[in-house]
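Numbering (the numbering used here), first residue to last: 84 to 822.
Glycine residues also receive a C-beta, built at the ideal position from the N, C-alpha and C atoms.
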């Protein structure tokens, strides 16, 4: 074993604390105050003779006994009232009283510290006188010699046992081999200190002088021996120098980190108990020494708090990363885990500080209350985990479907367990509420007394009404959402109308808002809040909004007319004023359109005066087909009919055409063409696709059959003179372009 290994100590605070208490127990016991003999009441002879006559007289004796019983009853009633008054004082009041007393004691200690420091020279003189005594020096020499002998014996035992300790193997052996190595390492570290303590204790028996010095050395050795024993045990468990002989399965970094912090806490614990037991044995009970002990004691929660904060930061950095699956972050259990992981350090640190301050202030009632509450909460939590696991396992086993049935009928399990999840959630909620009630009862909440009192009954009745109200609100909102989803659910062969798509979400939102408002009013009324001012204020606010927002009111009214008159719906292509586009939303305030270029136009409902709906029920595409004057119109009409027939039979465009192509005939004569008008009736929003495809086929067919689609041209007429034909128009070509 290396020399540095002897400086590594890991505490087991319970063992050190137990040994320290056993060593310094008599110093902590306060002497009991005996009654003074002067307190005995002396009676005169005349008073004694009067008492004898009273006891001999039967009537007087009965009257005297009756008066005594009455006095006893009065004292019992007074004691009962005092006890009830003490019980009525809450834990919080007693806590404040205890802290008040503690603060006063601390201030008193500071006031008397000056006196203690003033007596330091006197104590120094006493110490000098002690060392000047030859007998004391001789006794101290023997004590030093015996202590040195014990240290040499311990060093010899250490030198002998270190030979049995080998270096950690590179490959981890079996469990029993690891346990054997850990035991040898523990004994090699603890046995030398035990040998030293035993030798010193035996040799001190040879010198009866200076019992105080002997006790000081023995207490110090007991603390250090316990310190080294638990250090060896901790080193065997964590094995910071090698993972091959580590009993606790931790990574090297975590094991060394935990070992470092345990060593820090152990060293300070040993130092604290050395100081405390030294003060106790030296009978240093003045305010200065008490203040020093209290200051050293308060460093314990500070050290533990630093360790908790560091550990909490590492846990947050390791386990609060974004989950790989989005559902894991959205789950309630995952959310609760992340919240607990983020904030657990603060309540834990506060609880540790409160516990230590209770112990320091000697507020035994508060400490017992806190300890019992924590233990009860832990027990309730463990039982809750077991009950919930049994509950879920029972549901899974009782209502499971066989593997063969699941394979043969894939949807049967979901159908058979359709409402079981709701029942399971309800039973889990009941279990959680019961656990919460039990946990609060452990912390002292008197549920039985509260429910039996008039106030508790009133709270319970109003709570039930509020609960029923919330259930009804949830049912109405959930039912409205379910109906809306059912109405808007698209299935094969089922077409959802645009009016339904528009009105269903609007009615759902309005119903939810009204339900929430009514439910909030009922809940506030059950809570004892006067709702009349709220309703009056809402009315005044509504009147003010109506007067100050006339344009808004106009928008809302026009929006209602647009919705209920079925002028347009979501998904229609409309022209409102000079804006055209697809209707994306129809609200009570405005209409939103998106044009072909993707631009969004928001038009207030009050500005909607003229609406052109191009997709109301059906759509049409009008063809104005221009051909040359020399073409046969009947032939062109026949070609158009053939193209229409082909498109009706087309598997892509045929379903979009709801009627045959209509040839309206020769419509007009333009400057360079005759125009034949036709139209195609299609499903809404499909007229442009059908029209573009018709134009493509028409151009291709006209090119095949030589039907001319004229472009604008002009015929120059020179006119005829009266006396003969017109002279010829001579045209000279400057340059002929090769084709």
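The Cβ neighbour count for residue 770, taken over all protein chains shown within 10 Å, is at least 16; the residue is labelled buried. Taking a cut-off of 8 Å on C-beta distances, the segment 225-237 touches the segment 275-283, as three or more cross pairs fall below it. With contacts defined as CB atoms closer than 8 Å, residue 274 and residue 244 qualify as a contacting pair. In the structure shown, residue 340 adopts helical secondary structure according to DSSP, grouped into three states.
In the pairwise beta carbon analysis, the segment 309-327 is classified as not touching the segment 374-382: fewer than three pairs are separated by under 8 Å.
The straight-line gap separating the alpha-carbon atoms of residue 522 and residue 463 is approximately 6 Å.
One thing to note: residue 668 has its Cβ within 8 Å of the Cβ of residue 653.
Within the same chain, 703, 704, 705, 706, 744, 745 and 747 come within 8 Å of residue 762 by CB-CB distance, once the 5 residues on both sides are set aside.
According to the DSSP secondary-structure assignment, residue 426 is paired through a beta bridge with no residue.
When Cβ pairs closer than 8 Å are counted between the two stretches, the segment 748-761 is seen not to touch the segment 632-642, the count staying below three. In the three-state reduction of the DSSP assignment, residue 697 falls in the coil class.
Distance from residue 352 to residue 391 at the Cβ level is roughly 17 Å; contact not present, criterion being Cβ atoms closer than 8 Å. In this chain, the alpha helix (DSSP H) harbouring residue 783 covers 770-788.
The shortest CA-to-CA distance from residue 731 to any of 601, 760, 780 and 696 is the one to 780. Look at the beta carbons and you see the segment 300-320 touching the segment 262-270: at least three pairs across the two are nearer than 8 Å. Excluding its 5 nearest sequence neighbours in each direction, residue 545 has C-beta neighbours in its own chain below 6 Å: 609, listed in chain order. The residues 655, 656, 767 and 768, in chain order, have a CB closer than 7 Å to that of residue 698 in the same chain once the five nearest residues on each side in sequence are set aside.
Rounded to whole angstroms, the Cβ separation of residue 303 and residue 223 is 15 Å, and the two are not in contact under 8 Å.
Taken through DSSP and simplified to helix, strand or coil, residue 530 comes out as helix. Nearest to residue 314 by C-alpha distance, out of 337, 696, 294 and 270, is 270. Non-local beta-carbon contacts of residue 594 in its own chain, meaning distances under 6 Å to residues more than five positions away in sequence, involve 563 in chain order.
The shortest CA-to-CA distance from residue 777 to any of 722, 789 and 791 is the one to 722. Note on geometry: alpha-carbon atoms of residue 373 and residue 443 lie some 11 Å from one another. Pairing residue 613 with residue 607, the inter-Cα distance amounts to about 8 Å. For residue 672, the closest C-alpha among the options 694, 339 and 640 is that of 640. Distances from the CA of residue 266 to each of 312, 754 and 231 were compared; the closest alpha carbon is that of 312.
A distance of 8 Å or more separates the beta carbons of residue 473 and residue 435.
About 47 Å separates the beta carbon of residue 683 from that of residue 712, a gap too long to meet the 8 Å contact definition. Straight-line spacing of the CA atoms in residue 456 and residue 475 works out to 28 Å. C-alpha of residue 470 to C-alpha of residue 155: approximately 53 Å in a straight line. Taking 8 Å as the cut-off, the beta carbon of residue 395 is found closer than this to the beta carbon of residue 427.
Taking all protein chains shown into account, residue 337 has fewer than 16 neighbouring C-beta atoms within 10 Å of its C-beta and is therefore exposed.
Taken atom to atom, the span from the alpha-carbon of residue 680 to that of residue 646 is near 26 Å. Straight-line spacing of the CA atoms in residue 663 and residue 693 works out to 12 Å. Scanning its chain for C-beta atoms nearer than 6 Å, with the 5 sequence neighbours on each side dropped, one finds no residue around residue 422. About 7 Å separates the beta carbon of residue 286 from that of residue 233, a gap short enough to meet the 8 Å contact definition.
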